[in-house]
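J.: Submitted below is the structure of interest, expressed as structure tokens.
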Amino acid sequence: MILFDKLSNESIIVNEHSFLNCAKRPPQLRILHMSAINPHTPWPVVARTALLAAVAVCVVLLAFAWPSVTAKVQQLPVAVIGSTEQVAQLSQKAPEGALDIKTAPDRADAAHKIEQREIYGAIILGNQPEILVSSAASPLAAQMLTQIGGQLQSQIQQQAIAGLQKALTQGLPAGAAAGAPATIPTVKITDVVPLSPDDARGTGLAVAGLPLAMGGIVGGVLISLLVTGTWRRLAAVGGYAVLGGLGLTSIMQGWLHILQGDFLLNALAIFLAVGATAAAIVGFNAFIGRAGIAVGSVLTMFIGNPLSSLTQPKEFLPGPWGEIGQWFVPGSSGTLLRDLSYFPETNTTFPWLVLAGWLVAGVVLTMVGHFRDQSGIPQHENVVEEQVAEHRGAHMASV
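If you want our numbering, it's the position in the sequence shown, counting the first as 1, plus 585.
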């Protein structure tokens with residue numbers, strides 16, 4: 586039996602005879618007969634398929650390359666400590682739009698703001714210049730501020746040399762000109778919140794976002810395709826999220842030492858991350874059908890992941906895209922795991938709410954799709970039963 590028609594016993598018999606007749610024919614006629622049953626794809630469909638595939642691969646390239654290509658150093662929140670004149674001079678010499686200069690009364694306040702993730706670092710001017718960075722917040726921002734420290738050191742040395750030359754030309758004692766210090770100050774670089782020695786370059790946290798996103802997608806797709814029944818799907822999402830959260834946390838924190846801090850909190854964050862993505866895909870599938878699997882996957886992989894700002898400060902993305910990325914699962918989960926690992930004093934309410942929101946939205950969509958389908962089942966079943974009975978009666982009459 587090749588074809589099976591749920592509604593027509595008669596069509597089943599026809600298909601059986603068609604198959605048997607085809608099997609009895611010579612090979613040449615059999616090929617022609619099967620070609621008539623399964624004709625080749627029309628050329629316009631072939632062309633549209635090739636065009637669609639080409640567009641898809643271009644979209645994938647744009648999704649992953651665009652954030653990196655268009656990102657630039659801009660609006661980096663940094664505190665500057667010094668006199669009004671020193672702050673003004675630094676603002677004028679800094680590249681236009683590169684720094685978002687904040688004020689801080691002293692070093693302790695600047696360090697506290699770094700720990701709260703209000704700023705990425707601080708520049709302390711004066712007789713004891715110092716650059717405060719946080720490699721745990723962003724290795725890229727820390728590198729940028731370290732370069733500013735090197736430029737500041739060069740300026741101090743140039744000023745000291747100029748003062749010494751002036752003193753020599755005027756016959757003054759060295760260091761007397763323009764109140765120059767006897768020794769040249771050295772710009773100190775201090776990492777207020779450093780990365781773990783096991784992930785000294787921060788690559789672990791940066792690349793962890795992709796497996797989390799892929800894990801949520803894989804779980805959602807498998808549950809949508811292999812599990813039948815609304816409550817069973819929701820149970821599968823919950824079980825997958827719990828087991829996946831514990832497993833991934835054990836690998837990332839217990840084995841690779843990428844994550845720091847409380848194990849259970851990190852596991853809860855990963856539980857929400859993979860569970861939210863899986864629930865969203867299952868929900869979209871229940872609400873709009875198989876196309877929902879593609880919708881959930883695209884939202885996560887091709888929109889949320891490129892905008893997650895896992896490898897750079899969110900301020901470096903053009904326009905509002907850095908903030909928009911934090912409303913998706915990859916961005917919020919990456920920020921939450923970084924905060925839980927290195928910034929226990931910062932407020933993590935927003936990423937928790939975002940992840941919980943995606944999880945709840947997925948459950949709601951699943952339930953809505955379930956009850957909508959349930960409301961249409963009785964009428965559909967009656968129609969099916971009537972059609973089956975009608976065709977069965979006609980077939981028996983013919984026999």
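All residues carry an ideal CB built from backbone N, CA and C; glycine is no exception.
Mind checking E670: buried by the 16 CB within 10 Å criterion, or exposed?
T.: Start at 1 with the first residue of the sequence shown, and residue 670 comes out as number 85. E670 should be labelled exposed.
J.: List the residues that DSSP assigns as beta-bridge partners of D783.
T.: Locating residue 783 in the sequence shown gives position 198, where the first residue counts as 1. According to DSSP, D783 bridges with nothing at all.
J.: Buried or exposed: where does A759 fall if 16 or more other Cβ atoms within 10 Å of its Cβ makes it buried?
T.: Your numbering for residue 759 matches position 174 in the sequence shown. Unreliable placement is indicated for A759, whose pLDDT of 48 sits below 50; the coordinate value is still reported in the next sentence. By the 10 Å Cβ count, A759 comes out exposed.
J.: What's the C-alpha gap between V1010 and F913?
T.: Since the first residue of the chain shown is 586 and the last is 984, residue 1010 is not available in this structure.
J.: If the criterion is Cβ atoms closer than 8 angstroms, does the pair V867 and I808 meet it?
T.: Counting from one through the sequence shown, the residue named residue 867 turns up at place 282. Counting from one through the sequence shown, the residue named residue 808 turns up at place 223. Yes.
J.: If you draw a straight line from the C-alpha of F901 to the C-alpha of P796, how long is it?
T.: In the sequence shown, counting from the first residue as 1, residue 901 sits at position 316. In the sequence shown, counting from the first residue as 1, residue 796 sits at position 211. If you take the alpha carbons of F901 and P796, they lie about 23 angstroms apart.
J.: Leaving aside the five residues before and after S917 along the sequence, list all residues of the same chain whose C-beta is less than 7 angstroms from its C-beta, in chain order.
T.: Along the sequence shown, one-based indexing puts residue 917 at 332. Excluding residues within five positions, the ones whose Cβ falls inside 7 angstroms are Q911, P936, V939, L940.
J.: Anyone know if the C-beta pair for A707 and I666 falls short of 8 angstroms?
T.: Your numbering for residue 707 matches position 122 in the sequence shown. Your numbering for residue 666 matches position 81 in the sequence shown. Yes, the Cβ-Cβ distance between A707 and I666 is below 8 angstroms.
J.: Comparing C-alpha positions only, which one of V772, L833, L661 sits nearest to G801?
T.: By one-based count along the sequence shown, residue 801 stands at place 216. Ranking V772, L833, L661 by Cα distance to G801 puts L833 first.
J.: Cβ of V822 within 8 angstroms of Cβ of G860?
T.: Along the sequence shown, one-based indexing puts residue 822 at 237. Along the sequence shown, one-based indexing puts residue 860 at 275. Closer than 8 angstroms, so yes.
J.: Report the three-state DSSP secondary structure of F898 (helix, strand or coil).
T.: On the sequence shown, position 313 is the one that residue 898 refers to. A small fix is needed here, since residue 898 is Pro in this sequence, not Phe. DSSP places P898 in coil when its eight states are reduced to three.
J.: Measure the C-alpha to C-alpha separation of N851 and T813 and round it to an integer number of angstroms.
T.: If you number the sequence shown from 1, residue 851 lands on position 266. If you number the sequence shown from 1, residue 813 lands on position 228. Distance between the alpha carbons of N851 and T813 is about 31 angstroms.
J.: Since E715 is in the alpha helix (DSSP H), which residue starts that stretch and which ends it?
T.: As a first step, residue 715 must be located in the sequence shown, where it is residue number 130. E715 -> not in any alpha helix (DSSP H); beta strand (DSSP E) instead, spanning 715-718.
J.: Starting from I802, trace the alpha helix (DSSP H) both ways and give me its first and last residue.
T.: For this step, residue 802 is matched to residue 217 along the sequence shown. Where I802 is concerned, the enclosing alpha helix (DSSP H) stretches over 788-811.
J.: For F887 and L647, I'd like the C-alpha separation in whole angstroms.
T.: Working through the sequence shown from its first residue, we reach residue 887 at position 302. Working through the sequence shown from its first residue, we reach residue 647 at position 62. Approximately 9 angstroms between the Cα atoms of the pair.
J.: Quick one: grab the DSSP three-state call for C607.
T.: Translated into the one-based positions of the sequence shown, residue 607 becomes position 22. Unreliable placement is indicated for C607, whose pLDDT of 49 sits below 50; the coordinate value is still reported in the next sentence. Correct three-state label for C607: helix.
J.: Checking 8 angstroms against the spacing of the C-beta atoms, do T862 and H955 come in under that value?
T.: Locating residue 862 in the sequence shown gives position 277, where the first residue counts as 1. Locating residue 955 in the sequence shown gives position 370, where the first residue counts as 1. No, the Cβ-Cβ distance between T862 and H955 is not below 8 angstroms.
J.: Excluding five sequence neighbours on each side, which residues of the same chain lie with their C-beta closer than 6 angstroms to the C-beta of T931?
T.: Translated into positions along the sequence shown, residue 931 becomes position 346. So the list reads Q701, R702, D924, once near-sequence residues are dropped.
J.: Could you tell me which residues DSSP puts in a beta bridge with G706?
T.: Taking the first residue of the sequence shown as position 1, residue 706 is located at position 121. In DSSP, G706 forms a bridge with V663.
J.: Using a threshold of 7 angstroms, is the CB atom of A696 nearer than that to any non-hydrogen atom of the ligand NAP?
T.: The ligand NAP is absent from the structure shown, which contains no ligand whatsoever.
J.: So, with DSSP's three-state summary, where would you put G760?
T.: Position 175 of the sequence shown, counted from the start, is the residue given in the question as residue 760. For G760, the pLDDT reaches just 49, beneath the cut-off of 50, and the residue's location in the model is therefore unreliable, although a value from the coordinates is still provided. Looking at G760 - three-state DSSP - the assignment turns out to be coil, as it is neither helix nor strand.
J.: Since P714 and P770 are thought to touch, with beta carbons under 8 angstroms apart, how far apart are those beta carbons, to the nearest angstrom?
T.: Your numbering for residue 714 matches position 129 in the sequence shown. Your numbering for residue 770 matches position 185 in the sequence shown. Yes, P714 and P770 are in contact; Cβ-Cβ is about 6 angstroms, under 8 angstroms.
J.: Which first and last residues belong to the alpha helix (DSSP H) in which T931 is found?
T.: As a first step, residue 931 is located in the sequence shown; it is residue number 346 there, counting from the start. Segment: none, T931 is in no alpha helix (DSSP H) and carries neither H nor E.
J.: Helix, strand or coil, according to DSSP, for L850 in the structure here?
T.: Indexing the sequence shown from 1 puts residue 850 at position 265. Looking at L850 - three-state DSSP - the assignment turns out to be helix.
J.: From the DSSP output, in three-state form, read off I866 for me.
T.: Indexing the sequence shown from 1 puts residue 866 at position 281. In this structure, I866 counts as helix in the three-state DSSP scheme.
J.: Could you spell out the range, first to last residue, of the beta strand (DSSP E) harbouring T775?
T.: Numbered from 1 along the sequence shown, position 190 holds the residue referred to as residue 775. Segment 773-776, the beta strand (DSSP E) holding T775.
J.: Roughly how many angstroms lie between the CA atoms of S894 and F872, to the nearest whole one?
T.: Taking the sequence shown and counting its residues from 1, the one referred to as residue 894 is at position 309. Taking the sequence shown and counting its residues from 1, the one referred to as residue 872 is at position 287. Those two C-alpha atoms are separated by around 30 angstroms.
J.: So V827 and F856 are supposed to be a Cβ contact under 8 angstroms. How far apart are they, rounded?
T.: Here residue 827 refers to the residue found at position 242 of the sequence shown. Here residue 856 refers to the residue found at position 271 of the sequence shown. Indeed, because the Cβ distance is near 6 angstroms, the residues count as touching under 8 angstroms.
J.: Report the CB separation of D784 from I843 in whole angstroms; it is logged as a contact under 8 angstroms.
T.: For the purposes of this step, residue 784 is taken as residue 199 along the sequence shown, with counting starting at 1. For the purposes of this step, residue 843 is taken as residue 258 along the sequence shown, with counting starting at 1. Rounded, the Cβ-Cβ distance is 5 angstroms, consistent with contact.
J.: Give the DSSP bridge partners of K687, in chain order.
T.: What you label residue 687 is simply residue 102 of the sequence shown in a count that begins at 1. In DSSP, K687 forms a bridge with A664.
J.: Is A673 buried or exposed, if buried means 16 or more other CB atoms sit within 10 Å of its CB?
T.: Walking along the sequence shown from the start, residue 673 turns up at place 88. Exposed, because fewer than 16 other Cβ atoms sit within 10 Å of the Cβ of A673.
J.: Excluding the 5 residues preceding and the 5 following L737 in the sequence, name in chain order all residues of the same chain whose CB lies nearer than 7 angstroms to its CB.
T.: As a working note, residue 737 is residue 152 in the sequence shown. Correct list, in chain order: P714, V772.
J.: How many angstroms separate the CA atom of K591 from the CA atom of V640?
T.: Mapped onto the sequence shown, residue 591 falls at position 6. Mapped onto the sequence shown, residue 640 falls at position 55. The pLDDT assigned to K591 is 41, lower than 50, so where the model puts this residue is not dependable, and the model offers no usable value.
J.: Please say whether L944 and A864 have beta carbons closer to each other than 8 angstroms?
T.: Locating residue 864 in the sequence shown gives position 279, counting from the first residue. Locating residue 944 in the sequence shown gives position 359, counting from the first residue. Yes. Within cutoff.
J.: Does K657 come out as helix, strand or coil in the three-state DSSP assignment?
T.: Position 72 of the sequence shown, counted from the start, is the residue given in the question as residue 657. Looking at K657 - three-state DSSP - the assignment turns out to be coil, as it is neither helix nor strand.
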